[in-house]
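For the sequence shown, the numbering used here begins at 18 and goes up steadily by one.
Structure first, commentary second.
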Amino acid sequence: MQGSRKYANCNVSGACIADFGHHVICVDKDNIKISALNAGEIPIYEPGLDEIVQSNVRQGRLSFTTELSETLDEAAAVFIAVGTPSRRGDGHADLSYVYAATREIALALKRFTVVITKSTVPVGTGDEIERIIRELRPDIDVAVVSNPEFLREGAAIHDFKHPDRIVVGTHDERARALLAEIYRPLYLNRAPIVYTGRRTAELIKYAANAFLATKITFINEIADLCERVGADVQEVACGIGLDNRIGPKFLHAGPGFGGSCFPKDVRALIKTARDHDVPMRILEAVETVNDTRKRAMARKVSSVFAGLLRGKTVAVLGLTFKPNTDDVREAPSLALITALQDMGARVRAYDPVGMEQAKQVLADVTYCRDPYDCVEEADAVVIVTEWEQFRALDLERVRDLMACPVMVDLRNVYRPEDMKKYGFAYTSIGRLPTHEPVKLVDAPFSIAAAV
Ligand SMILES: NC(=O)c1ccc[n+]([C@@H]2O[C@H](COP(=O)([O-])OP(=O)(O)OC[C@H]3O[C@@H](n4cnc5c(N)ncnc54)[C@H](O)[C@@H]3O)[C@@H](O)[C@H]2O)c1
18 MQGSRKYANC NVSGACIADF GHHVICVDKD NIKISALNAG EIPIYEPGLD EIVQSNVRQG
78 RLSFTTELSE TLDEAAAVFI AVGTPSRRGD GHADLSYVYA ATREIALALK RFTVVITKST
138 VPVGTGDEIE RIIRELRPDI DVAVVSNPEF LREGAAIHDF KHPDRIVVGT HDERARALLA
198 EIYRPLYLNR APIVYTGRRT AELIKYAANA FLATKITFIN EIADLCERVG ADVQEVACGI
258 GLDNRIGPKF LHAGPGFGGS CFPKDVRALI KTARDHDVPM RILEAVETVN DTRKRAMARK
318 VSSVFAGLLR GKTVAVLGLT FKPNTDDVRE APSLALITAL QDMGARVRAY DPVGMEQAKQ
378 VLADVTYCRD PYDCVEEADA VVIVTEWEQF RALDLERVRD LMACPVMVDL RNVYRPEDMK
438 KYGFAYTSIG RLPTHEPVKL VDAPFSIAAA V
């Protein structure tokens with residue numbers, strides 16, 4: 018009976034579930050977001066989302082409202098997909114939005130309903146959601162399920178429609194059957210559904226993100242060693258990634274991970290583990306190494322100028338935490354730019370879609386029209402986000418526009434030998450710079466150093 022069920026939900030998942038043929042009502046407290054969506058505008062940048070939203074709205078399967086109560090008349094399931102940011106002060110996941118939404122849902126329930134947590138929530142949150150609902154509505158039967166979301170911003174539609182797996186955490190057979198119905202198109206496409214307990218499902222999400230964050234941090238530290246010993250981190254990544262036990266993904270060395278998920282989820286898992294007297298030392302190291310790394314990237318820039326950045330102009334290409342999103346939450350660009358400014362540099366910046374978001378958190382930055390406007394008269398250009406358009410820059414034009422042809426490529430977009438040909442002093446991650454190597458006293462062999 019696809020299409021006859023209604024689901025109350027909001028976000029990319031909501032649009033994709035509607036695209037499967039179900040009826041979805043997206044609820045958000047944010048009037049501005051809902052008015053924009055009702056006017057046909059998508060409030061976030063996510064490739065392909067506008068087409069899916071428009072087509073499902075047109076076909077009458079997707080609608081938007083700020084009023085939760087009116088959506089639960091016919092809904093078979095409610096997804097909770099509100100934010101779970103880091104709690105100010107202690108780094109625990111802030112569950113206030115989840116519990117507020119839970120209370121609102123409880124009061125609006127009309128009959129047996131499956132309440133599904135899509136938000137990333139610490140182990141045991143489902144138990145508390147169930148407790149709250151049962152306390153507020155002892156008259157209504159509910160099944161509370163954990164169904165964590167694994168999609169990546171910037172590739173969210175693809176990931177939702179081609180998941181590696183769907184995790185369904187509940188032992189309630191009615192809820193399992195409903196989730197199987199919701200995800201039937203994916204199941205038919207051979208996406209495995211992992212049925213498990215609710216607490217296990219909650220932990221799977223954190224363990225997955227923590228593992229990926231660890232993999233990134235591991236290759237970043239290997240990159241630092243590569244720079245010291247004259248090895249190439251990309252070749253190391255290839256060499257270890259071909260091992261099936263390791264795999265090639267998430268082995269791209271860079272300026273450290275950011276975004277709306279990894280940093281907060283690593284922090285939250287560390288806190289949960291501590292609360293249960295199981296300290297997670299590896300993750301504690303991952304968090305510290307990553308935090309330090311973002312700011313350390315500014316030293317990579319200053320070292321090109323022998324530590325003297327005061328009065329220099331630095332052009333920053335890319336502000337979002339990764340390409341194809343407008344999200345700048347915990348982006349490496351934020352710590353880098355602040356550190357550059359602390360060192361006395363003037364910062365010019367360009368990002369294809371992230372500048373409006375960046376303006377809300379960064380002061381004293383000159384925002385530019387395009388990459389060429391950004392590099393004009395700059396003493397150094399830093400590539401922070403690997404947007405497609407930064408991969409194909411007219412390098413002669415860039416060099417000629419700059420006051421000084423220095424490029425610090427934090428995403429290894431270009432090849433050092435090419436950059437040398439174009440006449441750049443080029444520094445990247447985990448590879449030798451193109452500057453002249455200097456002989457260090459007491460070093461066992463000659464290594465490259467910034468001039
Ligand atoms: N963004 C991602 O790519 C991604 C991927 C996987 C998992 N997640 C998880 O999904 C959750 C949501 O992430 P996000 O990035 O979309 O968060 P977000 O903060 O961008 O959006 C959350 C939305 O919830 C709304 N909201 C808050 N309380 C509400 C309430 N009571 N009723 C209705 N709406 C309410 C807010 O107005 C906001 O629009 C988080 O737990 C996150 O960890 C996100």
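The beta-carbon is built from N, C-alpha and C at its ideal position, and this holds for glycine as well.
In this text, all values refer to a predicted model and were calculated from it rather than measured experimentally.
Using DSSP's beta-bridge definition, name the partner residues of residue i.
i, result
"tyrosine 96", "The sequence shown places phenylalanine at residue 96, rather than the tyrosine named in the question. Paired residue(s): Ile133."
"alanine 110", "Ser103"
"serine 80", "Ile42"
"threonine 444", "Val425"
"tyrosine 367", "Leu334"
"threonine 383", "Arg365"
"alanine 285", "BP columns for alanine 285 are empty, so no partner."
Less than 7 angstroms between C-beta atoms, sequence neighbours within five positions excluded: which residues of the same chain meet that for residue i?
i, result
"threonine 88", "Ala25, Ile42, Val44, Thr82"
"asparagine 73", "Ala32, Ala35, Asp36, Leu79"
How about residue i and residue j: do their beta carbons lie closer than 8 angstroms?
i, j, result
"threonine 119", "valine 159", "no"
"threonine 330", "alanine 395", "yes"
"valine 392", "valine 333", "no"
"glutamate 219", "valine 138", "yes"
"glycine 271", "arginine 428", "yes"
"asparagine 237", "arginine 310", "yes"
"isoleucine 210", "proline 165", "no"
"isoleucine 157", "leucine 126", "yes"
"valine 29", "alanine 173", "yes"
"valine 430", "glutamate 403", "yes"
"valine 303", "alanine 380", "no"
"valine 306", "threonine 234", "yes"
"isoleucine 239", "valine 246", "no"
"threonine 213", "lysine 317", "no"
"valine 370", "tyrosine 62", "yes"
Alpha carbon to alpha carbon, how far is residue i from residue j?
i, j, result
"arginine 363", "alanine 356", "11 angstroms"
"leucine 196", "arginine 169", "21 angstroms"
"alanine 53", "aspartate 111", "27 angstroms"
"glycine 57", "aspartate 36", "16 angstroms"
"tyrosine 439", "arginine 414", "10 angstroms"
"glycine 276", "cysteine 243", "26 angstroms"
"isoleucine 257", "valine 425", "26 angstroms"
"arginine 128", "glutamate 198", "19 angstroms"
"arginine 193", "leucine 203", "15 angstroms"
"alanine 442", "alanine 254", "24 angstroms"
"cysteine 278", "glycine 171", "13 angstroms"
"arginine 448", "proline 265", "18 angstroms"
"valine 283", "proline 102", "12 angstroms"
"valine 162", "arginine 215", "6 angstroms"
"histidine 175", "glycine 361", "43 angstroms"
"threonine 142", "alanine 348", "28 angstroms"
"leucine 326", "alanine 315", "10 angstroms"
"glutamate 301", "valine 399", "29 angstroms"
"proline 450", "serine 320", "11 angstroms"
Using beta carbons (cut-off 8 angstroms, strictly below), is residue i in contact with chain B?
i, result
"isoleucine 51", "The chain inventory of the structure shown lacks chain B, comprising one protein chain alone."
Could you check whether the Cβ of residue i sits closer than 7 angstroms to any heavy atom belonging to ligand 1?
i, result
"threonine 337", "no"
"serine 163", "no"
"aspartate 45", "yes"
"lysine 135", "yes"
"glycine 273", "no"
"tyrosine 114", "yes"
"serine 86", "no"
"asparagine 28", "yes"
"lysine 50", "yes"
"cysteine 278", "yes"
"glutamate 373", "no"
"leucine 79", "no"
"leucine 89", "no"
"glycine 186", "no"
"glycine 100", "yes"
"glutamate 403", "no"
"glutamate 145", "no"
"leucine 168", "yes"
"glutamate 58", "no"
"glutamate 347", "no"
In chain order, what residues of the same chain lie with their CB nearer than 6 angstroms to the CB of residue i, ignoring the 5 residues before and after it?
i, result
"cysteine 385", "Arg365, Tyr367, Cys391"
"valine 382", "Val364, Ala366"
"aspartate 189", "Ala160"
Tell me which same chain residues have a C-beta within less than 8 angstroms of the C-beta of residue i, skipping the five on either side of it?
i, result
"alanine 208", "His179, Pro180, Asp181, Arg182, Ile183, Tyr200"
"glycine 31", "Tyr24, Val41, Cys43, Leu79, Phe96, Ala98"
"isoleucine 146", "Ile97, Val115, Tyr116, Thr119, Val132, Thr134, Val161"
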